[in-house]
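Enquirer: 1 is the number of the first residue of the sequence shown in my numbering; add one for each residue after it. All C-beta atoms in this analysis are idealised placements derived from N, C-alpha and C, irrespective of residue type, glycine included. All values derive from a computational prediction rather than experimental measurement.
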Amino acid sequence: MENVETQFLDSKSFPRILEDIDTFIFDADGVLWLGESVMPGSPALVDFLLKKGKTVIVLTNNATKSRAVYSEKLAKLGYNKQIGKNNIVNPAAVVADTLHRSGLTRDKKVYLIGTQGIKDELDDLGIQYFGDGPDPVENHHDGKTAFIYDLELEEDVDDVGAVVVGYERHFNYIKLMKAANYLKDESCLFVATNEDETCPGPNPNTVIPDAGPLVGAVKIASGREPVVVGKPNTPAFEYICRRWEINPQRTMMIGDRTNTDVKFGKDHGLKTCLVLSGCHQVEDIVDNHENDRHDMIPHFYAKNLGSLVETGEFAVKKDAKELSAHLLEKITLAEEPYAPQPRRTVYY
Ligand SMILES: [Mg+2]
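1. Measuring straight from C-alpha to C-alpha, what distance separates residue 298 and residue 52?
2. Should residue 118 be labelled buried (16 or more other beta-carbon atoms within 10 Å of its own) or exposed?
3. Going along the chain, which unbroken runs of the beta strand (DSSP E) with 3 or more residues stay wholly within the segment 238-273?
4. Looking only at its chain, what residues have a beta carbon closer than 8 Å to the beta carbon of residue 188, apart from the 5 residues adjacent to it on each side?
5. Span of the alpha helix (DSSP H) holding residue 70?
6. With distance defined between alpha-carbon atoms, name the residue in 92, 140, 198, 50 nearest to residue 69.
7. Are residue 46 and residue 39 closer than 8 Å when you measure CB to CB?
8. Per the contact definition of three or more C-beta pairs closer than 8 Å, is the segment 74-86 in contact with the segment 121-128?
9. Would you decide whether residue 319 is buried or exposed? Buried here means 16 or more other CB atoms lie within 10 Å of its CB.
10. Is it buried or exposed for residue 90, if we count other Cβ within 10 angstroms and need 16 for buried?
11. Specify the secondary structure class of residue 327 as computed by DSSP and reduced to three states.
12. Between the Cα of residue 116 and those of 146, 251, 62, spot the shortest distance and give me the residue it belongs to.
13. Tell me whether the beta-carbon of residue 85 lies closer than 8 Å to the beta-carbon of residue 135.
14. Which residues bound the beta strand (DSSP E) around residue 118?
15. To the nearest angstrom, report how far apart residue 259 and residue 229 are at their CA atoms.
16. Where does residue 23 fall in DSSP's three states?
17. Specify the secondary structure class of residue 37 as computed by DSSP and reduced to three states.
18. Locate the alpha helix (DSSP H) running through residue 180, then write down its first and last residues.
19. Give me whichever residues DSSP pairs with residue 14 in a beta bridge.
20. I need the straight-line Cα distance from residue 198 to residue 167, nearest angstrom please.
21. Ligand 1 and residue 29: does the residue's C-beta get closer than 7 Å to at least one heavy atom of that ligand?
22. Does residue 317 come out as helix, strand or coil in the three-state DSSP assignment?
23. Residues in its own chain within less than 6 Å of residue 74 by CB, not counting five upstream and five downstream?
24. So within the segment 154-235, which uninterrupted beta strand (DSSP E) runs reach at least 3 residues, ignoring any that extend past its ends?
25. Which residues share a DSSP beta bridge with residue 29?
26. So does residue 279 have its beta carbon nearer than 7 Å to some heavy atom of ligand 1?
27. Skipping 5 residues on each side, what residues in its chain have a beta carbon closer than 8 Å to that of residue 226?
28. Kindly confirm or deny that the segment 275-283 and the segment 239-252 touch, where touching means at least three C-beta pairs closer than 8 Å.
29. Which same chain residues end up closer than 7 Å to residue 196 when comparing Cβ atoms and leaving out the 5 residues on each side of it in sequence?
30. May I ask whether a heavy atom of ligand 1 can be found less than 7 Å away from the beta carbon of residue 67?
31. Residues in its own chain within less than 8 Å of residue 244 by CB, not counting five upstream and five downstream?
32. Evaluate residue 306 with the Cβ neighbour count: other Cβ atoms within 10 Å of its Cβ, from every protein chain shown; 16 or more gives buried, anything less gives exposed.
33. In this structure, what does DSSP give as the bridge partners for residue 85?
Written as structure tokens, this is what we have:
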């Protein structure tokens, strides 16, 4: 086993790497916020970077709300007002952009399994959609047979240009069946927001399925592979490159998941930093190392964003040693990470 090259960052070591980085891309959930609460210390780090003239981009895999709504949330949680809608990238915006650039004609509609965030972004680009919201089984089936052998589709297959799948709490068998039937037409595009298996929440004992299981169901039922736009996939990176002039080698992706945030950064030539304030922990870095998943081993790790600036109460009080020193003994950091989540290591 070779040495893990992941370096620990804190308020003393972080300033030393600053001159090599022009652009910081932050994941949101588990990094800037946790559910509806601000991640303590994170606004101070964002302020610090803006004062240093760095470009700040927020790249979330959450498509449930539009960029405008996330912009309001950042402001409400105390983030610098300079960070607005135009600093945010989410799969909803990338899905709309992908459909727009695919040449989806005005007369074609999108069958949408997804929520308000995608609707807002599709509205922004004038793309027609249908199917969102509840679609109860009882409206389609009398319960006399176990399977549903036929289903009336509300739109003619020829009029549906794409099926978009994201997180949707009303997801059910009817939606799955409709999506699979629209996708029978090979010319119908299949676009997915993201494939995160779960999302973090305030109760670490509750598993909260994200869009991944829904996308997986449509994939299997339709036999089609979607274009997945969210992290770690390339459409999100290309979208960022179209909007900002970034030099990947001078850009750092900071997130709380190794299989989305870190992989996204490593796959696209960015520097990467895992913060331990959300999903994945030091043990996951060690697991990735043992499984030779170098695409999911970050260049750096830190307790949380607040620990990267001298903000008093949020600064790391104890010296943490380099990860390599921890590796053999598998010692975790001296302090418990903020609101730890259940460990799940899933390899794509
Ligand atoms: Mg996250």
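Expert: Inspection of the coordinates gives the following:
1. By 1-based counting over the sequence shown, the position of residue 298 is 298. By 1-based counting over the sequence shown, the position of residue 52 is 52. Cα-Cα distance, rounded: 24 Å.
2. As a first step, residue 118 is located in the sequence shown; it is residue number 118 there, counting from the start. Buried is the call here.
3. 251-255
4. By one-based count along the sequence shown, residue 188 stands at place 188. If the five residues before and after residue 188 are omitted, its C-beta is found closer than 8 Å to the C-beta atoms of 157, 160, 161, 162, 163, 182, all from its own chain and listed in chain order.
5. Here residue 70 refers to the residue found at position 70 of the sequence shown. Residues 67-76.
6. As a position in the sequence shown, residue 69 is number 69, starting the count at 1. Answer by Cα proximity: 92.
7. On the sequence shown, position 46 is the one that residue 46 refers to. On the sequence shown, position 39 is the one that residue 39 refers to. The answer is no: Cβ separation not under 8 Å.
8. no
9. As a first step, residue 319 must be located in the sequence shown, where it is residue number 319. In this predicted model, residue 319 has a pLDDT of only 39, less than 50, meaning its place in the structure is not dependable; the value taken from the coordinates is given anyway. Exposed is the call here.
10. Numbered from its first residue, the sequence shown carries residue 90 at position 90. Flag for residue 90 reads buried.
11. As a first step, residue 327 must be located in the sequence shown, where it is residue number 327. Bear in mind that the predicted position of residue 327 carries a pLDDT of just 44, short of 50, making it unreliable; the figure below should be weighed with that in mind. Correct three-state label for residue 327: helix.
12. Numbered from its first residue, the sequence shown carries residue 116 at position 116. For the residues 146, 251, 62, the minimum Cα distance to residue 116 belongs to 62.
13. Here the question's residue 85 lines up with position 85 in the sequence shown. Here the question's residue 135 lines up with position 135 in the sequence shown. For residue 85 and residue 135, no; Cβs fall outside 8 Å.
14. For the purposes of this step, residue 118 is identified with residue 118 of the sequence shown, where counting begins at 1. Looking at the DSSP string, residue 118 is not in any beta strand (DSSP E); the run it does join, the alpha helix (DSSP H), is 116-124.
15. Residue 259 sits at position 259 when you count from the first residue of the sequence shown. Residue 229 sits at position 229 when you count from the first residue of the sequence shown. Approximately 15 Å between the Cα atoms of the pair.
16. Sequence index remark: in the sequence shown, residue 23 carries index 23 (1-based). Three-state DSSP puts residue 23 in a strand.
17. Walking along the sequence shown from the start, residue 37 turns up at place 37. Here residue 37 sits in strand by DSSP.
18. Taking the sequence shown and counting its residues from 1, one reaches residue 180 at position 180. Segment 173-182, the alpha helix (DSSP H) holding residue 180.
19. Here residue 14 refers to the residue found at position 14 when the sequence shown is read from its first residue. Per DSSP, none; premise fails for residue 14.
20. As a working mapping, residue 198 is identified with position 198 in the sequence shown. As a working mapping, residue 167 is identified with position 167 in the sequence shown. Their backbone Cα atoms lie some 10 Å apart in a straight line.
21. Start at 1 with the first residue of the sequence shown, and residue 29 comes out as number 29. Correct: residue 29 has its Cβ closer than 7 Å to ligand 1.
22. Here residue 317 corresponds to residue number 317 of the sequence shown, with the count starting at 1. Caution is warranted here: a pLDDT of 40 is assigned to residue 317, below 50, making its placement in the model unreliable, and no coordinate value can be reported.
23. By one-based count along the sequence shown, residue 74 stands at place 74. Cβ within range, chain order: 83.
24. 160-165, 189-192
25. Residue 29 sits at position 29 when you count from the first residue of the sequence shown. Residue pairing by DSSP puts residue 29 in a beta bridge opposite 33.
26. Mapped onto the sequence shown, residue 279 falls at position 279. Taking the Cβ of residue 279 as the reference point, at least one heavy atom of ligand 1 falls within a distance shorter than 7 Å.
27. The residue labelled residue 226 in the question sits at position 226 within the sequence shown. Cβ within range, chain order: 165, 190, 191, 192, 215, 218, 219.
28. no
29. Along the sequence shown, one-based indexing puts residue 196 at 196. Here the set comprises 61, 210, 211, 212, 260.
30. To locate residue 67, count along the sequence shown from 1; it is residue 67. Residue 67: no, Cβ never under 7 Å from ligand 1.
31. Position 244 of the sequence shown holds residue 244. So the qualifying residues of the chain are 23, 55, 57.
32. As a working mapping, residue 306 is identified with position 306 in the sequence shown. Counting Cβ neighbours within 10 Å, residue 306 comes out buried, since at least 16 surround it.
33. Within the sequence shown, the letter at position 85 stands for residue 85. None, per the DSSP bridge assignment.
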